Amino acid sequence: MICNDPFAKETNSADIFNNYLFECIPGYGMILDSKGTILCTTNDLKELLNNDPITHTGDLFNLFKNIHPNEYHDVIKKECIGFWHNINANTKIYLQLTFKEITRDNSQLVIVWIKNKTKSIKHEKVKKILTNLAKSELENRDNKQYYKSIQNELNQVIDANNLFVVQYDKFRQHLILTYMDDEKDTFTRFPVGKTLSEYVISLKKSVLYTQNDIIKLQKEGLIDDIIGTPAKCWMAVPLFSSDEVYGIVGLQSYSSENAYTPDDLEVLEFVSTQIAVSIKHKENEINLHRAKEKAEEADKLKSSFLANMSHEIRTPMNAIIGFSELITRKTISQEKKDTYAQYITNSGKALLTLIDDIIDIAKIEAGQLKINKSPTYVNVIFNEIFEYVNNEKRKNNKDSILFAKKEAIHDLNFCILCDPLRLRQILANLLNNALKFTFEGIIEFGYLIPNNATILFYVSDTGIGLSDEKIPLIFDRFRQADDTTTRQFGGTGLGLAISKKLVEMMGGRIWAESEKNKGSTFFFNLPMIIPDESTKIIEENFESSISDNFEGQTILIAEDEDNNFIFLQEVLSPTRVNIIRAKTGLQAVSIIKNQPEISLILMDIKMPDMNGYQATTIIKEMKPTIPIIIQSAYAMAEDIIKGKNAGCNEYLAKPIKPEVLINTLRRYLNQ
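Counting with our numbering, you get residues 4 to 674 for the letters of the sequence shown.
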């Protein structure tokens, strides 16, 4: 047998045979001379070290650069850990060396038995890395510093000189380059297309690719051409959150296709778990901070809103109470009394509008705002709104402003399917704002039909206008362009927020275009659905043909508040209807039992002993056909539903308009 080691010192066949036997011993071992020169190695060690020539021709100090020649004699008396770095493969192997001195042919030799400690040492290092990353997460508030600390920690066990972190935005469906430190390329944003990173995210598993593997993916059409310097070795691990992939962390090498091993990929997988947790923690911190800021801003807005609301409520209330007291003075002339009465009426209407806005916002908050679609005659509504705004213009002494309307279709029968009351409300809100913020020039409102599926409404003015940054704010609840606007012009900042919600609920969108000091145009579109002829309601002025004389008929008014009863009594007195009063729900039930001549009931809700809902239920069980009209200050959707469930025929929300009450009674008393 011939020893393959050219530096072996055999001089006879026995030495050759002994060395051959040593080479064949299972495990990792080597024989050194007294100076540390390698005389012989086991075959397993040669295989472990990729048959590196240094195992044949070198010495212990070339093989393990962390062992110094001057310390050789101290080292061989104990165990030590050495690491071997294969430059070509860019791998580092940790070996535990145990030394045994022997004498052969009067020569001092050292037998070295070796254990591969790479996995255990890497495992310990990975545990330390995870601990350090957890600490770093707490210490580094800056994301870039945190990712740099990840890179530094990874460099202890694998080549992490070229690290990148990519996150996937599933809502926008694109990738975000969160971090990149690369010796060749620098990207500020991630390229669009079928990238390698996006491919890994779709796979939902870790990958280790050589340059040839990547070229194959390109040829198969799975990814686009690589942008930047091609890597010779590329590996990436998905970042998971609740079984969803939201990004990857990756490493690449430009020097060797063998730069990374499956063990390195496993290390990156271990570390990626901590990275994923840390990234999510940081995202949660950012979201929490934003939510806190938003909540604080909302609190400020609500505080400002409540302060402003107090002003808006007290202003008409002051007029109502003040002029109500003045009007009772005997020294006041009739002309002044009429004027003061008009002030009271106007202030009451302003207060009612404010209350309606508050109720609408409450319904929006509770998710109870309802849209009731029906055939809507657009031009009829436009004529009504035109008259309304002209009256408001005169009241506000703004006769110098030119007011115009433009209709795309000049036909009073032009009809679409939407909520007519809400359409009026939106137009009124926009036109009231235009009138409020315009002092000269023109206010125009109209509609266009850009296509068969859409109708586009607009309100344009030459008022104070808005800056670009203020436009998005005005559609927020409790917001106006700024606080100074609120103080100078009044208003609650609710109208546009309500209008936005109403438009969206009817399937449209609202937006604004404006220029500071030059004016604004507000647009909103709605689906243009033309109702069938059979569903159209022919609007007729039938009121004049039906009598308001209810003489000979008796109604019961269940109302505990004297002022409310007196109001109803005064409104109904011209109709000559006979009125009976009940002050509680129990009285109402008792009266219906004993007085069969009653044709209709006006039922309040909040009464002593028994409320209106309970009384309605009992009465309907006794007399199912008697009409019951609930009249109540409770005007939320659930109150109306509750009334309908109790059996009422109509539900009138206070304050009740006289003409609405009379029209409602006509439907039942003239049958």
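Think of the CB as a built atom: it goes at the ideal place given N, C-alpha and C, for glycine as much as any other residue. Bear in mind that the values here come from a model prediction, so they are computed numbers and not experimental data.
Alpha carbon of residue i to alpha carbon of residue j, nearest angstrom
i, j, result
"Asn158", "Lys283", "23 angstroms"
"Gln345", "Met606", "30 angstroms"
"Gly555", "Ile445", "55 angstroms"
"Pro233", "Leu211", "15 angstroms"
"Lys197", "Asn165", "21 angstroms"
"Glu260", "Asn215", "9 angstroms"
"Gly364", "Pro630", "A quick correction: the sequence has Ile, not Gly, at residue 364. Their Cα atoms are separated by approximately 32 angstroms."
"Phe448", "Ala656", "31 angstroms"
"Tyr75", "Lys49", "22 angstroms"
"Ile560", "Met320", "28 angstroms"
"Val506", "Val392", "21 angstroms"
"Arg490", "Leu571", "Confidence at Arg490 is low in this model, with a pLDDT of 48, below 50, so the placement of that residue should be treated as unreliable; the coordinate-derived value is given next. For Arg490 and Leu571, the distance between alpha carbons rounds to 38 angstroms."
"Ser377", "Ile362", "22 angstroms"
"Glu390", "Ser602", "39 angstroms"
"Asp228", "Pro241", "21 angstroms"
"Ile124", "Ile41", "25 angstroms"
"Glu516", "Phe478", "13 angstroms"
"Thr457", "Gly510", "10 angstroms"
"Leu112", "Asp184", "49 angstroms"
"Lys684", "Glu662", "Residue 684 is absent from the model: the chain starts at 4 and stops at 674."
"Glu296", "Ile474", "21 angstroms"
"Phe25", "Arg107", "14 angstroms"
"Ile330", "Phe440", "33 angstroms"
"Asn597", "Lys660", "31 angstroms"
"Ile105", "Thr121", "28 angstroms"
"Ala484", "Thr181", "Unreliable positioning characterises Ala484 in this predicted model, as indicated by a pLDDT of 48, which lies under 50. The coordinate reading is nonetheless provided below. Distance between the alpha carbons of Ala484 and Thr181: 36 angstroms."
Delimiting residues of the alpha helix (DSSP H) encompassing residue i
i, result
"Ser593", "588-597"
"Val203", "199-206"
"Asn349", "337-369"
"Gln221", "214-222"
"Ile584", "In the sequence as presented, Ile is not what sits at residue 584; that position holds Arg. Run containing Arg584: none in the alpha helix (DSSP H); it sits in the beta strand (DSSP E), 581-585."
"Thr667", "661-672"
"Lys81", "No alpha helix (DSSP H) contains Lys81, which DSSP labels as neither H nor E."
"Ala411", "Where Ala411 is concerned, there is no enclosing alpha helix (DSSP H), given that its DSSP letter is neither H nor E."
"Asn432", "423-439"
"Phe570", "565-575"
"Leu157", "146-157"
Residue range of the unbroken beta strand (DSSP E) whose run includes residue i
i, result
"Pro627", "Per DSSP, Pro627 belongs to no beta strand (DSSP E) and is neither H nor E."
"Ile179", "177-184"
"Gly508", "Checking the displayed sequence, the identity of residue 508 turns out to be Met instead of Gly. Counting along the chain, Met508 falls outside any beta strand (DSSP E), though it belongs to the alpha helix (DSSP H) covering 498-508."
"Gln170", "166-172"
"Ile604", "601-606"
"Tyr654", "653-656"
"Ile558", "557-561"
Residue(s) in a DSSP beta bridge with residue i
i, result
"Ile445", "Leu405"
"Cys43", "Ile34"
"Thr101", "Trp116"
"Cys418", "Tyr380"
"Pro530", "Thr457"
"Glu247", "Ser244"
"Ile513", "Phe527"
"Thr106", "Gln111"
"Cys236", "Thr213, Ser256"
"Asp464", "Ile446, Ser523"
"Ser635", "Ala656"
CB-CB length for residue i against residue j, believed under 8 angstroms
i, j, result
"Val168", "Val270", "Not confirmed; about 16 angstroms, so no contact."
"Leu357", "Ile316", "7 angstroms"
"Thr628", "Gly650", "Incorrect: roughly 11 angstroms between the Cβ atoms, too far for contact."
"Gly250", "Tyr171", "6 angstroms"
"Val574", "Leu476", "The pair is not a contact, with the Cβ atoms about 44 angstroms apart (cut-off 8 angstroms)."
"Ala239", "Val252", "7 angstroms"
"Asp47", "Tyr23", "Not really, about 15 angstroms apart at Cβ, beyond 8 angstroms."
"Glu624", "Thr557", "Not really, about 21 angstroms apart at Cβ, beyond 8 angstroms."
"Leu178", "Glu201", "6 angstroms"
"Cys418", "Tyr450", "The pair is not a contact, with the Cβ atoms about 13 angstroms apart (cut-off 8 angstroms)."
**Study point:** Three or more C-beta pairs below 8 angstroms linking the region 522-532 and the region 450-465
**Key:** yes
**Study point:** Segment contact flag, the region 499-517 with the region 420-439, C-beta cutoff 8 angstroms, min 3 pairs
**Key:** yes
Review point. Can at least three beta-carbon pairs, one atom from the region 44-55 and one from the region 99-113, be found at a separation below 8 angstroms?
Key: no
Review point. Is the region 581-592 close to the region 610-618, with three or more CB pairs under 8 angstroms?
Key: yes
Check your understanding: Does the region 112-124 come close enough to the region 249-260 to have 3 or more Cβ pairs within less than 8 angstroms?
Key -> no
Check your understanding: Is there contact between the region 333-344 and the region 363-377, where contact requires at least three CB pairs shorter than 8 angstroms?
Key -> no
Point to revise | Inter-stretch contact at 8 angstroms, needing at least 3 Cβ pairs: the region 238-249 / the region 199-210 | key: yes
**Study point:** Stretch pair the region 346-353 + the region 318-333: three plus CB contacts closer than 8 angstroms
**Key:** yes
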